[in-house]
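Sequential numbering of the sequence shown, starting at -7, is according to our numbering. Yeah, the Cβ is synthetic: ideal placement off N, Cα and C, and Gly gets one too. Only a predicted model underlies this, so the values are computations on that prediction, with no experimental measurement involved.
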Amino acid sequence: MAGWLVDSHALLWALAEPERLSDSAREVLQNPAAPVWVSAASLWEIAIKKQTGKLASPDDLPQIAVDAGFLLLAIQPRHAWAVQHLPLDKHRDPFDRMLVAQAKTDGLPIISADKALDEYEIARLW
């Protein structure tokens, strides 16, 4: 699979506050030739934070992301199964762990400001 995987915060910033992105992240996200994937795990995380009042986001965020050119990446059995190979002592956030599993399984670098993801030996752009 080609392209990039965008983390939750980078997706929200790309859509609403692009000035918060790093120059490198903004360059990739604004390149129409670079496929950028949004994981169902990120949408799930944002939905939970929206429901608990920790985050504001539009009700039609998935469609807004698609309209902006993002591709949707479903959680596949191979992704769920790959989580077992990630060490638990590094980072316990289940959404980030799924993103890492998807990145490793599908060979996608992650666009994220989260340095904790570097512990997983995946390519991270920020």
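Between the CA atoms of residue j and residue i - distance to the nearest angstrom
i: residue 83; j: residue 25; result: 32 Å
i: residue 50; j: residue 41; result: 12 Å
i: residue 54; j: residue 81; result: 32 Å
i: residue 63; j: residue 27; result: 7 Å
i: residue 75; j: residue 35; result: 18 Å
i: residue 119; j: residue 37; result: Residue numbering for the chain in the displayed model covers -7 to 118; residue 119 lies beyond these limits and cannot be assessed.
i: residue 30; j: residue 93; result: 14 Å
Coarse secondary structure for residue i, derived from DSSP in three states
i: residue 47; result: coil
i: residue 5; result: helix
i: residue 109; result: helix
i: residue 91; result: helix
Cβ-Cβ distance between residue i and residue j below 9 Å
i: residue 59; j: residue -1; result: no
i: residue 111; j: residue 79; result: yes
i: residue 120; j: residue 108; result: Since the displayed the chain opens at -7 and closes at 118, residue 120 lies outside it and no answer follows.
i: residue 114; j: residue 103; result: no
inquiry  = For a minimum of 3 consecutive residues, which ranges assigned as the beta strand (DSSP E) are wholly contained in the stretch 9 to 75?
reply    = Runs found: 28 to 31 and 63 to 65.
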